[in-house]
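Enquirer: Okay, here's the structure, questions in a sec.
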Amino acid sequence: MNPQPPRILLAKVGLDGHDRGIKVVARALRDAGMEVIYTGLWQTPESVVRAARDEDADVVGVSMLSAAHMTLVMPMLEALRADGGPPIPLIVGGIVPQEDAKVLLEHGVAAVFAPESLLASVTAEVAKIAKAHQKRAAGDASNEPRDWRLALSQQLSAAERGAPEASAANHRALWVGVTGSPGVGKSTLINRLIAELRARHLRVGVLAVDPSSPVTGGALLGDRARMRESAQDPGLFVRSVATRDQPGVLSKAVPAMLRCLDEREFDVAIVETVGAGQADYEICRLTDVSLLLLMPGAGDELQVEKAGVIELADIVVINKADRPDADTLFAQCREALGPDRNIVKVAAIRNESVAELTELILARRTNPG
Amino acid sequence: MAATPVEPPTGNANSRRTISGRPVKPVYGPADLADFDPDRALGEPGEFPFTRGPHREMYRKQLWTMRQFAGFGTPAQTNERFHYLLGQGQMGLSTAFDLPTLMGRDSDDPLSRGEVGRCGVAIDSLADFERLFQGIDLGEISVSMTINAPAAVLLAFYVALADKTGVPRDRLRGTCQNDILKEFHAQNEFVFPPRPSLKLVVDTIEFATEELPQYNPVSISGYHIREAGSTAGQELAFTLADGIAYVEAAIEAGSKVDDFAPRLSFFFNCHNDFLEEIAKYRAARRVWAKLMRDRFEARDPRSHWLRFHAQTAGCTLWGTQPMVNVVRVAYQALAAVLGGCQSLHTNSMDETLALPTEAAATLALRTQQVLAHETGVTSTVDPLGGSYAIEALTNELEAEAWDYFDRIEQVGGVLAATESGFFRREIADAAFRYSQEMDRNEHIVVGVNAYREQAGTPIETLKIDPSVETEQIESLARLRAERDAAAASAALDALRHAAAKGANVMPALIDAARVHCTVGETVAALADVYGRFDGGVAW
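Listed in order, the protein sequences are those of chains S and Y. So the first sequence is numbered by my numbering: it starts at 25 and just counts up by one. So the second sequence is numbered by my numbering: it starts at 998 and just counts up by one.
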């Protein structure tokens, strides 16, 4: 079993957009060797608790600078306690007057950090709280999780720690890989695909992979922030995955984690790779359908001629098709890849042509229904 | 009070670099200004390139506007604070809206829970606006509104209220912040995606050009960029880059630069590093003047000048030893005045803890009054002009701005850079660097990492009554029940139609305001056409 770095879920709750502090803290925790999952803005108490459970977080941290902390923190504490097992510790940062901080601590908040808290003391304290929770949770392992989401979440963690060999043979779900350079819009496209798939009543699991630092072991996992539209949907499960000690674009545990999703009878399991280069074609071998995202005006034109992932991807997706030069890139791909390859143009942020892409993906299902 | 210096600072790194990390020499002299030509670099005050100020006589003729940002609770409560501030000698009003209003949501929206009336005044409809400005003549008092994503909606409320109370539109004075680009870079109060958001700003600029000749339809803001952790140079460069984007968009939409440029205004932060801040304002005026004359070929000198509001930096205030904040604010305000601001907000010492109490807000206003009437700095225009250090820093900041403009151009311009998260990354990198430096005691902050006091010295803070939320939700329910529902629904349809065909939406927004469509309904109708933005890239 590999040791598990502390997993810290950080969230902005409510409408307040001041994210300077939370982003600074996220980086500091990463540099201290932790896996930091950032949900992004505008979370509700309910969505934070759900994300913390799905991510099997060891600590949940919320940042609030709009004086809504008393209203929003109490329901989170309650929901975290309702899980039965040892509740995930909740920490609060931001502008919290001393008398409010006292009340929050009395009600079970594990720590309250102020703007003047030094980063070194924040990271040390969070590490301590996370470790204590990991220990408590391990001691509680005999307890049956209260529902399937918690059970799946824990299985995924076990798969990550143990990284057992898993083969891709005979899986039930359609395994979909999404790869492409950083910034090409992978998470945004997946968010749109989720909506299309859910509209077709298909249950969707997502593994979103981001890199771990080879030096500290820490990671910033931010893909969740762009998969927000269906945050309360029971047919959707999103898990952020750090590559841990695996060089390349996938965690060693991804096949085993896909297996976990398969056992829970998901219809479609999507893997988002780390922003990848041409040499990272493992995803094409692993999944049933692999999508390579390209975008105009980002140097992807040069990639078209090169060997590698572009030769293996099942569908080449040209994202941001509303930009100038999209047609040129399309023509280049067509010329390089021949008439038989699937090449589609979409504009994920505007939700253009995503339905057509969804149909193309689902056509690969050998076992529909 | 137990006032013992607990941990005296080590080293004197503060004296060698500015807070933004800019190296500072022990002495500046003629060698630092080798190519300096005062005629070209400075000109006379009130003349190109306006380095020394937009007006010839500056504060000798007219003091800056002392404009304290205020708003909390219900419209009636804020109205009362407005009257109080005017009674204390404040010269203009500045409206702070609560987060639901800023985000285009009604008070009864599930996401508004816990936030109604907390950080500003809750506004749902024109009826709330009437209450907010009761007893205030909009033809006499200039009013600034800090609002961005739904700025066009609130501006429509303002115009509808003026129409209703018989104030001619051409007498309306004031400013709408309405700077959506910096929301994507820094403050995160956006609703629609960047491109339609920019279209809305252009609509308000066009509308103001036609209908509101004395009104500033946009206040291009670096304040929030700085608060998010940028350096002084980034604040300067990104703000002016946003300005370029608005000018380009308005020209592209068919406006002539000299028709709207004189009404563009700016809003800068006023941070701790005294000389660097003064240089920043001077550089801002010079760079903008050159941009407007040379790049956009504006002919009207009023298009060349950069007028700005300044606010002392909220992020420099600390909850420990809050009284010390009064001192910080005073120095920051002095920098803004020596830098030639046209209006100023001085933060209250308690703003890092809560919204200001009346006493704290009054003291902040008095700080400006002392500056204006007792220090004598208003008697001489640009008194630091010609200082080796100030001119060298001004040159350096100007060079940094031009460098950033090139980099932004290389990544495809302001919109593309916004969408790809260029600005966010640059700012987050700077913020993280600063926090790490503070951790290492490379920046000494009194009462925080040095000169700490064992026992805190708590001060009274303003408490917002939780009943505000219920009260506001009830009054919204009454409004919905009593208004002409068919008229409201028809107005929203007309708005969707106008937005879909790409017309200027201001007339449709004013119509919707008149029939009491709410902020949330109006913004939702626009979102039906424009879509909502999911937050983009985080890092």
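Cβ coordinates follow ideal geometry from the N, Cα and C atoms, glycine included.
Of the residues 1395(Y), 1415(Y), 1068(Y), which one's Cα is nearest the Cα of residue 1046(Y)?
Expert: Here the closest residue by C-alpha is 1395(Y).
Enquirer: Have a look at the DSSP bridge pairing and note the partners of residue 36(S).
Expert: 87(S)
Enquirer: Measuring only the C-alpha atoms, how far is residue 1168(Y) from residue 226(S)?
Expert: The alpha-carbon atoms of residue 1168(Y) and residue 226(S) are separated by roughly 59 Å.
Enquirer: Please list the residues of the stretch 1093-1127 of chain Y that have a C-beta atom closer than 8 Å to any C-beta atom in chain A, keeping them in chain order.
Expert: The displayed structure is made up of protein chains S and Y, and chain A is not among them.
Enquirer: Terminal residues of the continuous alpha helix (DSSP H) containing residue 243(S)?
Expert: First-last for residue 243(S): 243-245, but that is the beta strand (DSSP E), not the alpha helix (DSSP H).
Enquirer: With a CB to CB cut of under 6 Å and the five nearest residues on each side skipped, what residues in its chain are close to residue 1497(Y)?
Expert: 1526
Enquirer: Where in the stretch 1143-1170 of chain Y do unbroken runs of the alpha helix (DSSP H), each at least 4 residues long, occur, reported from the N-terminal end onward?
Expert: 1148-1162
Enquirer: Can you list, in chain order, the residues of its chain whose CB lies under 7 Å from that of residue 170(S), leaving out five sequence neighbours each side?
Expert: 107, 108
Enquirer: Under 7 Å between beta-carbons, which chain S residues line up against residue 1184(Y)? List them in chain order, please.
Expert: 41, listed in chain order.
Enquirer: By the three-class DSSP mapping on this structure, what secondary structure does residue 1332(Y) have?
Expert: helix
Enquirer: Just to confirm, are residue 264(S) and residue 32(S) a CB contact at a threshold of 9 Å?
Expert: no
Enquirer: Checking 9 Å against the spacing of the C-beta atoms, do residue 83(S) and residue 113(S) come in under that value?
Expert: yes
Enquirer: What separation, rounded to the nearest whole angstrom, lies between the Cα atoms of residue 1213(Y) and residue 159(S)?
Expert: Going by the C-alpha atoms only, they are around 59 Å apart.
Enquirer: What do you get for residue 1372(Y), buried or exposed, if any count of 16 or more other CB atoms within 10 angstroms of its CB means buried?
Expert: exposed
Enquirer: Of all the CB atoms in chain Y, is at least one closer than 9 Å to the CB of residue 31(S)?
Expert: no
Enquirer: Tell me the DSSP secondary structure of residue 1092(Y) in three-state form.
Expert: strand
Enquirer: State the DSSP-derived secondary structure class of residue 1305(Y), mapped to helix, strand or coil.
Expert: strand
Enquirer: Give, in chain order, every residue of the stretch 1263-1294 of chain Y whose Cβ lies closer than 7 Å to some Cβ of chain S.
Expert: none
Enquirer: Is any beta-carbon of chain S found at less than 9 Å from that of residue 1433(Y)?
Expert: yes
Enquirer: Find the residues of chain S that neighbour residue 1349(Y), judging by a C-beta separation of less than 8 Å, and give them in chain order.
Expert: 119, 139
Enquirer: Under 9 Å between the Cβ atoms of residue 267(S) and residue 234(S)?
Expert: yes
Enquirer: Between residue 1066(Y) and residue 1114(Y), is the Cβ-Cβ spacing less than 9 Å?
Expert: no
Enquirer: Which same chain residues, not among the five before or five after residue 125(S), have their C-beta less than 7 Å away from its C-beta?
Expert: 136
Enquirer: How would you call residue 35(S), buried or exposed, if buried means at least 16 neighbouring beta carbons within 10 angstroms?
Expert: buried
Enquirer: Any Cβ of chain S within less than 9 Å of the Cβ of residue 1137(Y)?
Expert: no
Enquirer: Using the beta-carbon count (16 or more within 10 Å), is residue 344(S) buried or exposed?
Expert: buried
Enquirer: Where are the alpha helix (DSSP H) runs, 4 residues long or more, that stay fully inside the stretch 124-168 of chain S, in chain order?
Expert: 143-163
Enquirer: Looking at the structure shown, is residue 1266(Y) part of a helix, part of a strand, or coil, going by DSSP?
Expert: Reduced to three states, the DSSP call for residue 1266(Y) is strand.
Enquirer: So, helix, strand or coil for residue 377(S), using DSSP?
Expert: coil
Enquirer: Looking only at DSSP bridge pairs, what is residue 261(S) linked to?
Expert: 229(S)
Enquirer: Is the CB-CB distance between residue 389(S) and residue 96(S) below 9 Å?
Expert: no
Enquirer: Just the C-alpha distance for residue 349(S) and residue 47(S), rounded to the nearest angstrom, thanks.
Expert: Answer to the nearest angstrom: the Cα atoms are 34 Å apart.
Enquirer: Evaluate residue 1361(Y) with the Cβ neighbour count: other Cβ atoms within 10 Å of its Cβ, from every protein chain shown; 16 or more gives buried, anything less gives exposed.
Expert: buried
Enquirer: Going by the CB atoms, is the gap between residue 285(S) and residue 210(S) shorter than 9 Å?
Expert: no
Enquirer: Using a Cβ-Cβ cut-off of less than 7 Å, list which residues of the stretch 337-367 of chain S approach chain Y; keep chain order.
Expert: Contact annotation: in the stretch 337-367 of chain S, no residue has its CB less than 7 Å from a CB in chain Y.
Enquirer: Quick one: what's got a C-beta closer than 8 Å to residue 98(S)'s C-beta in the same chain, skipping five residues either side?
Expert: Closer than 8 Å at Cβ, skipping near neighbours: 131.
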